[in-house]
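**Student:**
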Amino acid sequence: MQIHSLSEHLSHIVAKSLEELGVPQPSFSSLVLVERPSDQTHGHFAVPVAMALFGKLKKESPEILEKLEIANPRQLGECIVNKLEERPEFTSVSLAGPGFVNIVLTDSFLLSQLATVFSLVNDTSHLALHDKKITVEFTDPNPFKELHIGHLYSNIIGEAISRILEAQGADVHRVCYQGDVGMHVAKSVWGMRQLLAEQYPELSVAEAVDQMEDKPLSEKVNFLGKSYAHGATAYKENSEAAEEMKDINYLTFLSGQNTLVEQTGWEPQVDYGQYVAQTTQNYDEIKKLYSRGRAWSLTYFDSMYQRIGMKFEDFFFESAVGEYGIKIVREFLAKGEFEESQGAVIFPGEKYGLHNRVFINSLGLPTYEAKELGLAPEKYRRRKYDTSLIITGNEIDEYFKVLLKALEITNPDLRAKTVHMSHGMVRLPEGKMSSRTGKILTAEWLMNEAHKRIAEVLLETRESFSEAEREHIAEVVGLSAIKFAFLKQSIGKDIAFDFKESLTFSGNSGPYLLYSLVRIKSVLEKAKTAGFESENGYIAKHIDTVTNLLTQTQQKLSEIEKDLLLTLLTYFDSVKLSAKEYAPHHIAMHLFALAQSFNAFYGSSQILDASQLELTQLRLRLLSAIGTVLEHGLKTLGIATVEKM
Numbered sequence: 008m009q010i011h012s013l014s015e016h017l018s019h020i021v022a023k024s025l026e027e028l029g030v031p032q033p034s035f036s037s038l039v040l041v042e043r044p045s046d047q048t049h050g051h052f053a054v055p056v057a058m059a060l061f062g063k064l065k066k067e068s069p070e071i072l073e074k075l076e077i078a079n080p081r082q083l084g085e086c087i088v089n090k091l092e093e094r095p096e097f098t099s100v101s102l103a104g105p106g107f108v109n110i111v112l113t114d115s116f117l118l119s120q121l122a123t124v125f126s127l128v129n130d131t132s133h134l135a136l137h138d139k140k141i142t143v144e145f146t147d148p149n150p151f152k153e154l155h156i157g158h159l160y161s162n163i164i165g166e167a168i169s170r171i172l173e174a175q176g177a178d179v180h181r182v183c184y185q186g187d188v189g190m191h192v193a194k195s196v197w198g199m200r201q202l203l204a205e206q207y208p209e210l211s212v213a214e215a216v217d218q219m220e221d222k223p224l225s226e227k228v229n230f231l232g233k234s235y236a237h238g239a240t241a242y243k244e245n246s247e248a249a250e251e252m253k254d255i256n257y258l259t260f261l262s263g264q265n266t267l268v269e270q271t272g273w274e275p276q277v278d279y280g281q282y283v284a285q286t287t288q289n290y291d292e293i294k295k296l297y298s299r300g301r302a303w304s305l306t307y308f309d310s311m312y313q314r315i316g317m318k319f320e321d322f323f324f325e326s327a328v329g330e331y332g333i334k335i336v337r338e339f340l341a342k343g344e345f346e347e348s349q350g351a352v353i354f355p356g357e358k359y360g361l362h363n364r365v366f367i368n369s370l371g372l373p374t375y376e377a378k379e380l381g382l383a384p385e386k387y388r389r390r391k392y393d394t395s396l397i398i399t400g401n402e403i404d405e406y407f408k409v410l411l412k413a414l415e416i417t418n419p420d421l422r423a424k425t426v427h428m429s430h431g432m433v434r435l436p437e438g439k440m441s442s443r444t445g446k447i448l449t450a451e452w453l454m455n456e457a458h459k460r461i462a463e464v465l466l467e468t469r470e471s472f473s474e475a476e477r478e479h480i481a482e483v484v485g486l487s488a489i490k491f492a493f494l495k496q497s498i499g500k501d502i503a504f505d506f507k508e509s510l511t512f513s514g515n516s517g518p519y520l521l522y523s524l525v526r527i528k529s530v531l532e533k534a535k536t537a538g539f540e541s542e543n544g545y546i547a548k549h550i551d552t553v554t555n556l557l558t559q560t561q562q563k564l565s566e567i568e569k570d571l572l573l574t575l576l577t578y579f580d581s582v583k584l585s586a587k588e589y590a591p592h593h594i595a596m597h598l599f600a601l602a603q604s605f606n607a608f609y610g611s612s613q614i615l616d617a618s619q620l621e622l623t624q625l626r627l628r629l630l631s632a633i634g635t636v637l638e639h640g641l642k643t644l645g646i647a648t649v650e651k652m
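8 is the number of the first residue of the sequence shown in our numbering; add one for each residue after it.
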């Protein structure tokens with residue numbers, strides 16, 4: 008049997024009532040929306056169907072309005088109200104304004120919906136995205152550089168969206184696209200060579216690289232960061248060094264190509280050797296620097312993804328897709344879709360109200376644009392997808408408009424499957440980031456800082472915890488603070504990360520949600536230990552035995568309990584909306600509202616009461632459902648939980 012969320016259930020009730028009035032289903036199938044009003048004094052739910060339906064019937068089926076003797080939206084609303092008043096699920100149904108139908112649910116109906124919570128968290132077979140294959144590309148760091156906070160933001164958003172889509176039944180494939188060739192690599196390799204010569208003057212560059220190999224990964228990554236900063240500064244200030252880097256750039260493209268040949272059996276699509284006039288010795292030196300630096304970077308990235316708590320299913324590299332991109336551009340250059348300009352090949356975006364962009368530069372090398380153009384078909388070749396979602400920072404929005412127009416011309420089928428969404432930047436009070444100067448606030452720094460600050464709180468307040476427990480909790484809670492701070496805000500605009508606000512245990516934060524969940528688990532464990540398992544069995548395991556507990560106890564729900572139930576039972580609507588809009592903040596804010604409602608309930612109610620066994624069982628059932636939803640929501644956002652805090 009298909010299981011519906013509360014809003015879906017109510018939509019079906021309204022739809023059935025309309026059919027009973029003689030309105031055919033096709034007339035209202037897209038119009039029956041059940042919403043929670045901002046002002047709860049009007050009712051638990053509002054159904055704004057009368058106005059839109061009246062307009063549609065007046066245009067398409069006026070005979071229905073004539074039969075019902077309806078002349079305006081309000082009269083149609085009154086008919087709907089009269090029909091819904093017959094339903095046992097509603098305490099009251101009223102009409103507001105020109106046709107808003109407000110509904111108040113009965114206590115028994117609210118409680119009867121609790122069982123669906125436990126079913127919906129496990130059942131995705133009936134959901135909108137069931138069997139849909141979606142490829143999600145995010146993070147996209149450049150080897151030879153450290154992961155900065157922007158990469159962390161992209162990773163957290165991308166992983167959350169991936170999990171949200173999975174929660175709606177989709178088959179999600181996480182991919183990462185990495186820039187392992189280009190001028191940033193040439194600058195890094197040049198910097199590596201210079202710094203190694205200074206650090207190991209008695210050794211050749213090849214021998215010096217071997218010396219670095221035995222050092223800790225963190226030291227090698229730090230060395231790469233310094234190398235890039237050194238190269239970027241020299242490129243800007245020293246014309247001779249800049250020319251050396253341009254030569255190295257060709258060699259890194261050739262190195263990347265040969266690395267793919269050696270590691271994957273790659274068949275080259277472009278002859279980069281034609282551009283290289285360097286000695287074999289110089290090439291061998293550059294290739295060794297390139298290969299080691301690339302390998303160190305990829306190992307470092309993998310360690311960071313593990314720490315964040317996610318894993319990519321596939322990786323793509325500019326060194327490979329750039330070659331495909333060159334072939335595509337040259338093919339469509341011959342068809343007149345691209346143009347030659349000053350030795351380069353450009354896409355004439357101005358024809359389409361955009362701007363022109365270079366796809367193959369005057370050196371004969373692919374730009375970022377050409378590489379992206381080669382990426383789309385390679386993604387599809389590896390895994391046939393229904394949708395390809397690409398998540399980037401919004402600083403490249405204009406670039407992506409041109410790219411997507413070029414993709415539309417070169418591969419319209421894939422363009423139709425491609426969705427680009429962008430996020431803003433992360434701002435911190437500590438200052439701005441710059442990898443060029445080496446003064447960069449890295450992802451690792453932010454994670455370490457959050458860990459340290461939570462650990463300090465635990466050391467002061469949780470003396471009974473072992474050091475290992477404190478370290479584990481600090482890591483999980485610190486990450487929850489960062490993730491929730493990033494995810495609770497709407498994607499698109501810049502966000503400000505504040506340590507005090509994000510690390511609090513009593514506000515709109517990850518630690519607050521984790522603490523609420525720990526509190527729920529603690530109460531449920533106390534209930535079990537105290538013997539509240541009754542003859543019906545423990546409430547969390549045997550929820551069906553208490554479906555009619557409200558009737559048995561003859562006790563009405565308090566306003567706090569009603570608010571808690573309504574917030575709980577509308578959670579899955581937020582999951583659905585988040586998937587539809589690629590917007591994790593809907594879930595994040597719903598979880599915060601649920602935690603607030605739970606803590607208000609916890610502070611005002613005696614949950615374990617031996618003199619009222621039925622009421623205790625009812626409240627334990629409610630807590631079990633809240634805990635299930637909080638855990639599901641946190642997991643869906645990619646936030647791990649702890650057993651104690």
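In this text, a Cβ means the ideal position worked out from N, Cα and C, and glycines have one as well. This structure is a prediction, so every number in the text was calculated from the model and none was measured.
Within this structure, are the beta carbons of Glu451 and Met317 separated by less than 8 Å?
**Tutor:** On the sequence shown, position 444 is the one that residue 451 refers to. On the sequence shown, position 310 is the one that residue 317 refers to. Against a cut-off of 8 Å, the Cβ pair of Met317 and Glu451 comes out as no contact.
**Student:** Check whether the region 268 to 283 touches the region 200 to 218, taking contact to mean three or more Cβ pairs, one atom from each stretch, closer than 8 Å.
**Tutor:** no
**Student:** Find out if the Cβ-Cβ distance for the pair Trp2, Glu251 is shorter than 8 Å.
**Tutor:** Outside the shown range of the chain, which is 8 to 652, sits residue 2, and nothing can be said about it.
**Student:** When the distance is taken between beta carbons, is Leu380 closer than 8 Å to Ala423?
**Tutor:** Taking the first residue of the sequence shown as position 1, residue 423 is located at position 416. Taking the first residue of the sequence shown as position 1, residue 380 is located at position 373. Result no, Cβ atoms of Ala423 and Leu380 do not sit closer than 8 Å.
**Student:** Which word fits His158, buried or exposed, when buried means at least 16 other C-beta atoms lie within 10 angstroms of its C-beta?
**Tutor:** On the sequence shown, position 151 is the one that residue 158 refers to. So His158 counts as buried.
**Student:** In the structure shown, what three-state DSSP assignment does Asp178 receive?
**Tutor:** Against the sequence shown, residue 178 aligns to sequence position 171. Note: Asp178 maps to strand in three-state DSSP.
**Student:** Between Leu520 and Phe491, which are expected to be in contact by the criterion C-beta below 8 Å, what is the C-beta distance as a whole number of angstroms?
**Tutor:** Position 513 of the sequence shown holds residue 520. Position 484 of the sequence shown holds residue 491. So it is a contact: roughly 7 Å between Cβ atoms.
**Student:** On a Cα-Cα basis, can you pick out the residue from His427, Phe512, Glu415 that is closest to Glu402?
**Tutor:** Taking the sequence shown and counting its residues from 1, one reaches residue 402 at position 395. When C-alpha distances from Glu402 are compared across His427, Phe512, Glu415, the shortest belongs to His427.
**Student:** What whole-angstrom Cβ distance do Val111 and Ser119 have, given they're in contact under 8 Å?
**Tutor:** Here residue 111 refers to the residue found at position 104 of the sequence shown. Here residue 119 refers to the residue found at position 112 of the sequence shown. Wrong, their Cβ atoms sit about 16 Å apart, outside the cutoff.
**Student:** Report the residue from Glu26, Glu153, Pro31 whose alpha carbon sits nearest the alpha carbon of Ile447.
**Tutor:** Residue 447 sits at position 440 when you count from the first residue of the sequence shown. Considering only Glu26, Glu153, Pro31, the residue with the shortest C-alpha distance to Ile447 is Glu153.
**Student:** Apart from the five residues on each side of it in sequence, which residues of its chain come closer than 7 Å, Cβ to Cβ, to Ile255?
**Tutor:** Residue numbering aside, residue 255 sits at position 248 when the sequence shown is read from its first letter. Only Ala193, Val196, Trp197, Ile293 meet the Cβ criterion.
**Student:** Excluding the 5 residues preceding and the 5 following Ala103 in the sequence, name in chain order all residues of the same chain whose CB lies nearer than 7 Å to its CB.
**Tutor:** By 1-based counting over the sequence shown, the position of residue 103 is 96. For Ala103, where only same-chain residues beyond five positions count, the Cβ hits under 7 Å are His49, Asn109.
**Student:** For Lys140, which three-state DSSP category applies?
**Tutor:** Reading the sequence shown from its first residue, position 133 is the one you call residue 140. In this structure, Lys140 counts as strand in the three-state DSSP scheme.
**Student:** Check His639 in the structure and name its three-state DSSP category.
**Tutor:** Sequence index remark: in the sequence shown, residue 639 carries index 632 (1-based). His639: helix per DSSP, three-state reduction.
**Student:** Once DSSP output is grouped into helix, strand and coil, what is the label at Gly645?
**Tutor:** Here residue 645 is taken as the residue at index 638 of the sequence shown, counted from 1. DSSP places Gly645 in coil when its eight states are reduced to three.
**Student:** Start and end of the alpha helix (DSSP H) containing His427?
**Tutor:** Position 420 of the sequence shown, counted from the first residue, corresponds to residue 427. Note, His427: premise wrong, no alpha helix (DSSP H); beta strand (DSSP E) at 425 to 430.
**Student:** Which two residues bound the contiguous alpha helix (DSSP H) that contains Phe319?
**Tutor:** Here residue 319 is taken as the residue at index 312 of the sequence shown, counted from 1. Looking at the DSSP string, Phe319 is not in any alpha helix (DSSP H), and its letter there is neither H nor E.
**Student:** DSSP on Gln120, reduced to helix/strand/coil?
**Tutor:** On the sequence shown, position 113 is the one that residue 120 refers to. Coil.
**Student:** Taking the beta strand (DSSP E) that Ile367 belongs to, which residues open and close that run?
**Tutor:** The count along the sequence shown starts at 1 and reaches residue 367 at position 360. Boundaries of the beta strand (DSSP E) harbouring Ile367: 364 to 367, taken from the DSSP string.
**Student:** According to DSSP, Gly400 sits in a beta bridge with which residue or residues?
**Tutor:** As a position in the sequence shown, residue 400 is number 393, starting the count at 1. Paired residue(s): His430.
**Student:** Pull up the DSSP beta-bridge partners for His155, would you.
**Tutor:** Here residue 155 is taken as the residue at index 148 of the sequence shown, counted from 1. Answer is Thr449.
**Student:** Output needed for Glu173: all residues of its chain with C-beta closer than 6 Å, excluding positions within five of it in sequence on either side, in chain order.
**Tutor:** In the sequence shown, the residue the question calls residue 173 occupies position 166. Cβ within range, chain order: Val179.
**Student:** Is Asp570 closer than 8 Å to Ser604 when the C-beta atoms are compared?
**Tutor:** Position 597 of the sequence shown, counting from 1, holds the residue named residue 604. Position 563 of the sequence shown, counting from 1, holds the residue named residue 570. Here Ser604 is near Asp570, since their CB atoms are less than 8 Å apart.
**Student:** How is Asn418 classed by DSSP in three states: helix, strand or coil?
**Tutor:** Counting from 1 along the sequence shown, the entry for residue 418 is found at position 411. Coil, per DSSP.
**Student:** Pull up the DSSP beta-bridge partners for Glu42, would you.
**Tutor:** Sequence index remark: in the sequence shown, residue 42 carries index 35 (1-based). Glu42 pairs with Ala53.
**Student:** Taking the alpha-carbon of Asn418 as reference, which of Tyr290, Val283, Ala53, Pro384 has the nearest alpha-carbon?
**Tutor:** Along the sequence shown, one-based indexing puts residue 418 at 411. The candidate whose alpha carbon is nearest that of Asn418 is Pro384.
**Student:** So Pro7 and Glu346 are supposed to be a Cβ contact under 8 Å. How far apart are they, rounded?
**Tutor:** Nothing about residue 7 can be reported from this structure: the residues present for the chain run from 8 to 652 only.
**Student:** From Arg314, Gln270, Asp114, Leu630, pick the residue whose C-alpha is nearest to that of Ala602; which is it?
**Tutor:** Here the question's residue 602 lines up with position 595 in the sequence shown. It is Leu630 whose Cα lies nearest to the Cα of Ala602.
**Student:** Would Arg337 and Ile353 be called neighbours here (beta carbons separated by less than 8 Å)?
**Tutor:** For the purposes of this step, residue 337 is taken as the residue at position 330 of the sequence shown. For the purposes of this step, residue 353 is taken as the residue at position 346 of the sequence shown. Contact: no.
**Student:** Could you tell me if the beta carbon of Gln82 falls within a distance shorter than 7 Å of some heavy atom in the ligand FMN?
**Tutor:** Although the ligand FMN was asked about, the structure shown includes no ligands whatsoever.
**Student:** Who are the Cβ neighbours of Ala600 in its own chain at under 8 Å, not counting the five residues just before and after it?
**Tutor:** The residue you call residue 600 lines up with position 593 of the sequence shown. The residues are Thr574.
**Student:** By the 10 Å Cβ neighbour count, where 16 or more other Cβ atoms means buried, how is Phe322 classified, buried or exposed?
**Tutor:** The count along the sequence shown starts at 1 and reaches residue 322 at position 315. With fewer than 16 Cβ atoms within 10 Å of its Cβ, Phe322 is classed as exposed.
**Student:** Rounded to whole angstroms, what's the CA-CA distance from Gly514 to Glu508? Just pull it up for me.
**Tutor:** What you label residue 514 is simply residue 507 of the sequence shown in a count that begins at 1. What you label residue 508 is simply residue 501 of the sequence shown in a count that begins at 1. If you take the alpha carbons of Gly514 and Glu508, they lie about 7 Å apart.
**Student:** Looking only at C-alpha atoms, which of Ala462, Leu486, Ser487 sits nearest to Ala475?
**Tutor:** In the sequence shown, the residue the question calls residue 475 occupies position 468. For Ala475, the closest of Ala462, Leu486, Ser487 by C-alpha to C-alpha distance is Ala462.
**Student:** Can you give me the C-alpha to C-alpha distance between Gln175 and Arg460, rounded to a whole angstrom?
**Tutor:** As a first step, residue 175 must be located in the sequence shown, where it is residue number 168. As a first step, residue 460 must be located in the sequence shown, where it is residue number 453. Taking the straight line joining both Cα atoms gives about 36 Å.
**Student:** Report the rounded CA-to-CA distance for Leu486 versus His479, giving the unit in angstroms.
**Tutor:** Counting from one through the sequence shown, the residue named residue 486 turns up at place 479. Counting from one through the sequence shown, the residue named residue 479 turns up at place 472. Those two C-alpha atoms are separated by around 11 Å.
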